[in-house]
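There are 2 protein chains.
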Amino acid sequence: MNNPTQPFVLTKEFLEIFKNAVESKNDVYVNEITTGLFPADISTLLDEIDADGCKYVLDLLDKDVRADIISDLDPDIRKTFLKIYSPKEIAEFIDYTDSDDAVDILNELPIQLREEAIAYIKDEEKSSHITDLLRYDEDCAGGLMAKEFIAVKIHWTTVQCIEEIRRQAEKVEKIHTIYVVDEQNVLKGRLSVKKLLLSDDKTQIEDIYSQDIIAVYSYDHEEDIANIMQKYDLESVPVINKQRQLLGRITVDDIIDVITELAELNQQAMAGISEDVEEADSVLKLSRARLPWLFIGMVGGLLGAQFMELFEKDLIAVPAMAFFIPLITATGGNVGIQSATLVVQALSGSSIQDTVGQRLFKSLLVALLNGIVIATSVFLMNWLFTMNMKLSLIVAIALFCVVLIASIMGTITPIVLNKAGINPAIASGPFITTANDLVGLAVYFSVARLLYGLA
Amino acid sequence: MNNPTQPFVLTKEFLEIFKNAVESKNDVYVNEITTGLFPADISTLLDEIDADGCKYVLDLLDKDVRADIISDLDPDIRKTFLKIYSPKEIAEFIDYTDSDDAVDILNELPIQLREEAIAYIKDEEKSSHITDLLRYDEDCAGGLMAKEFIAVKIHWTTVQCIEEIRRQAEKVEKIHTIYVVDEQNVLKGRLSVKKLLLSDDKTQIEDIYSQDIIAVYSYDHEEDIANIMQKYDLESVPVINKQRQLLGRITVDDIIDVITELAELNQQAMAGISEDVEEADSVLKLSRARLPWLFIGMVGGLLGAQFMELFEKDLIAVPAMAFFIPLITATGGNVGIQSATLVVQALSGSSIQDTVGQRLFKSLLVALLNGIVIATSVFLMNWLFTMNMKLSLIVAIALFCVVLIASIMGTITPIVLNKAGINPAIASGPFITTANDLVGLAVYFSVARLLYGLA
């Protein structure tokens, strides 16, 4: 690359050229294409070709570039793809990979292959690091952290510090933070690179390090770590054990992945998709992930039908009542989803939470206001068009009640789910809409019987 | 702080103590409380008290801590709060703030106060930087970047480089990346801190810098920048102009904010909330943000009622037909939202996109499968319970068609919106549900008339 580069954009034409070069096993041409690209761009290309093609391209690359690409691949693609390699070859990748990514890769292997691959890792320090990291859950700090970091002892001088960096240079790709520990490896603070650069050789670390440091425990959950790094604008965070000993570090790029993934899962939960799926997944997997909500909706719809049977006489007396069923159920669903979404977003924020009472009160005020606006508009429009005063009144009153009730349910359901430890986002979808359909029907027909009964 | 600290958790009790200390203007106690806290934690406390209280606390703090806190405040809170300060006082904060945050603060002021505040800024370089940055849109690279970065000339030695860092030390809080430029300030690459630390004094930058660098143009959109930083795992990215001259840098913490904000906006769009609101906003604002979708739903519902009037005779003949209206509309809505959500998520990914045809085909396969499962289940259950073969068949056939149509609409709508430059996430909410309600009714009644008509 001769110039600072704008991000690479993969065009269909470029992809075609690349695919042809791979198929005809044109080493020179493939090399020429990949040399101009960042590992992340080569990854994008490999996402588009089959596993054998990937192996062919990777074997042509430098070992460190290859390791970068493999840790960057989509886990689903990598899984099929690792099958082509022997445990010995996988161990070779891992020699060039940071320990956190190495653990992710190893976790995708069947347990026997995993053990074999670990046995082939040449660097003993690395293989012990990896065995250590494999013990942690994937979604806690221990499962996210890497062992590649620079730690210096508090009683050292800056010269000793630079000596340590030189010693670690090969293993630590980028210096995020220099951690300061005592003789027992207890985290004491951090040393800024700027201070290290600007101090003279004999300066004591003790005199220039900063004690202001945020650390997380190895068992902290990834969502909490994401919140902390976001709140304190951290680029990396040290991971400690109960004795405050330094175990590893988590960098912000891993956390961005966590944030994005959580946002996508929330959206899917809201849409009633029960597994973590992508459009690229198989038809069967996609179908399975969607059916549970469809079934909930189906059962709700059938219960609704059962319920309406109770009011068959009213429907026969006033068939026009049926016309407004979709209006009632849709409005209930819409109001419920709106309320639930705002509560879910507030719940995921980290500021002090309003009490359930305050939430409900405010939600009710908004619902009152919107209920009045919607009910009045519907009443006026219905009356003008149908000149049926009584039915227009029934629909308007039912609509007003439905807006209030749906709003209360949309506010309470996520709070209850959250307290029960269930992802409150699912409340914004399946539960709210199905429940509100039923409640809406009940309200509508009850109001109708009341008003017609009084006549 | 004596020890590496776990993140601060704000309890009601702690907040009460703090509020009392502020109300009684107990300087010593307030100082004691704030000294143990990070700026981000003091921010959290200030979010909970009134503007006068905030001013009182801030005036007690060190100027740099104060500046940190002000750039960290919730923009809504900051806006009311800046009114208490004179332009001269605001200029004083800004002297201690990075230029990107300074611009955010100034953008919240009325134009006249803004000009006055800029005139009071003592540091001439900073005030010219700020005037420069104010020209950019808030949601492009220029509006996100800061002017505080370290740039060194390509023909310098490492000693000159360290000299430059010393010179900039006061202004640049943390060295993210050392950028390498030529005499015309054209970006040539980056210098790793590790290499700088490990090279001897006479080494030429030219010999140790890296040409692999991703840059963004000042007019690039924040969403694209977020994708780029995520893809290449960047902690900061340089911003250049068309001539490739270095203008500024964007750090990952600003981008995390962009990612989170976009995810929240998407969720709200899905839920049919048309403005960027939070639960904490006023009742009126919340109500206004929700009404548009409720109106769309209302109009849809009234159109549905009009439409059903055409089938009044059928309803009188078979009143039980009304029972299944909610089942039909709910299933259409659910299927539509599921399809749309997956397409929206795929559209926001950066990999090569499937063609519209491929998308539709796959979506149809999933819909066929789910349609058969749902329709068969509903048919069997209805038949068992009602023993009404014909109506059970009508409902099942209609349901099957609705699943197929809703799936197609849920797939196409976001693609069309995306091509038209509209946020496709709104498709997952208002449009899909309202449209599917209408289509569902049309299908249901058409199938019914067809089957009953044939009898």
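If you're matching them up, the sequences are chains F and H in order.
Taking this note's numbering, the leading residue of the first sequence gets 39, the next gets one more, and so forth.
Taking this note's numbering, the leading residue of the second sequence gets 39, the next gets one more, and so forth.
Beta carbons: idealized from backbone N, C-alpha and C, even for Gly.
{"query": "Integer Cβ distance of Ser401 (chain F) from Ser377 (chain F), believed to fall under 8 angstroms", "result": "6 angstroms"}
{"query": "Close Cβ partners of Asp90 (chain H) (< 8 angstroms) along its chain, the five nearest in sequence each way excluded", "result": "Ile122"}
{"query": "Test: Arg204 (chain H) CB closer than 8 angstroms to a CB of chain F", "result": "yes"}
{"query": "Neighbour flag for Ala473 (chain F) against chain H, beta carbons, 8 angstroms", "result": "no"}
{"query": "Assigned secondary structure, Gly227 (chain F) (DSSP; H/G/I helix, E/B strand, else coil)", "result": "strand"}
{"query": "DSSP bridge partner residues for Val275 (chain H) (one or two, in chain order)", "result": "H:Ile288"}
{"query": "Proximity below 8 angstroms, CB of Pro525 (chain H) to CB of Leu225 (chain H)", "result": "Lying outside 39 to 493, the shown extent of chain H, residue 525 (chain H) is not represented and no answer is given."}
{"query": "Range covered by the beta strand (DSSP E) that runs through Ala189 (chain H)", "result": "188 to 191"}
{"query": "Reduced DSSP secondary structure (H/G/I, E/B, other) of Ile251 (chain H)", "result": "coil"}
{"query": "CB-CB length for Leu429 (chain F) against Val356 (chain F), believed under 8 angstroms", "result": "7 angstroms"}
{"query": "Same chain, Cβ closer than 8 angstroms to Ile390 (chain H), neighbours up to 5 away in sequence not counted", "result": "Confidence at Ile390 (chain H) is low in this model, with a pLDDT of 49, below 50, so the placement of that residue should be treated as unreliable; the coordinate-derived value is given next. There are no such residues."}
{"query": "N- and C-terminal bounds of the beta strand (DSSP E) containing Ile216 (chain F)", "result": "216 to 219"}
{"query": "Counted within 10 angstroms of its Cβ, other Cβ atoms place His193 (chain F) as buried (16 or more) or exposed", "result": "exposed"}
{"query": "Residues of the stretch 96 to 121 of chain F with Cβ closer than 9 angstroms to any Cβ of chain H, in chain order", "result": "Asp110, Asp112"}
{"query": "DSSP three-state assignment for Ala184 (chain H), whether helix, strand or coil", "result": "strand"}
{"query": "Within chain H, partners of Ser415 (chain F) - CB distance below 7 angstroms", "result": "Met336"}
{"query": "Within chain H, partners of Trp194 (chain F) - CB distance below 7 angstroms", "result": "Neighbours of Trp194 (chain F) on chain H: none; closest Cβ ~15 angstroms, over 7 angstroms."}
{"query": "Sequence-distant residues of its chain with Cβ nearer than 6 angstroms to Ser312 (chain F) (five each side left out)", "result": "Ala327, Pro330"}
{"query": "Leu479 (chain H) versus Ala368 (chain H): straight-line alpha-carbon distance, rounded", "result": "11 angstroms"}
{"query": "Below-8 angstroms beta-carbon distance, Ile390 (chain H) vs any chain F residue", "result": "Note on Ile390 (chain H): pLDDT 49, under 50, position unreliable in the model; the coordinate value appears next. It does; some Cβ of chain F falls within 8 angstroms."}
{"query": "Within 8 angstroms, strictly: CB atoms of Ser137 (chain H) and Ile107 (chain H)", "result": "no"}
{"query": "Which of helix, strand or coil DSSP assigns to Thr393 (chain F)", "result": "coil"}
{"query": "CB contact below 8 angstroms: Trp421 (chain H) versus chain F", "result": "no"}
{"query": "Any chain F beta carbon closer than 8 angstroms to Gln306 (chain H)", "result": "yes"}
{"query": "Cβ-based contacts, 8 angstroms cut-off: residues of the stretch 320 to 332 of chain F near chain H", "result": "Val321, Leu322, Leu324, Ser325, Arg328, Leu329, Trp331, Leu332"}
{"query": "DSSP bridge partner residues for His167 (chain H) (one or two, in chain order)", "result": "According to DSSP, His167 (chain H) bridges with nothing at all."}
{"query": "Residue(s) in a DSSP beta bridge with Gln283 (chain H)", "result": "H:Val224"}
{"query": "Val47 (chain F) classed as buried or exposed, judged by whether at least 16 other C-beta atoms fall within 10 angstroms", "result": "exposed"}
{"query": "Proximal chain H residues relative to Asp291 (chain F), where beta-carbon distance stays under 7 angstroms", "result": "Asp271"}
{"query": "Phe131 (chain H) at chain F interface by Cβ criterion, 8 angstroms", "result": "no"}
{"query": "Where Glu61 (chain H) meets chain F, residues with beta-carbon distance less than 7 angstroms", "result": "What Glu61 (chain H) touches in chain F: nothing, since even the nearest Cβ is about 18 angstroms away."}
{"query": "Between the CA atoms of Phe417 (chain F) and Leu431 (chain F) - distance to the nearest angstrom", "result": "6 angstroms"}
{"query": "Thr195 (chain F), DSSP secondary structure in three states", "result": "strand"}
{"query": "Whole-angstrom C-beta distance between Pro45 (chain F) and Ile293 (chain H), which should lie under 8 angstroms", "result": "Between Pro45 (chain F) and Ile293 (chain H) the Cβ distance is about 14 angstroms, and since that is not below 8 angstroms, they are no contact."}
{"query": "Whole-angstrom C-beta distance between Glu317 (chain H) and Ala384 (chain F), which should lie under 8 angstroms", "result": "4 angstroms"}
{"query": "Contact with chain F by Met2 (chain H), beta-carbon distance below 8 angstroms", "result": "As displayed, chain H neither begins before 39 nor continues past 493, which places residue 2 (chain H) out of reach and without an answer."}
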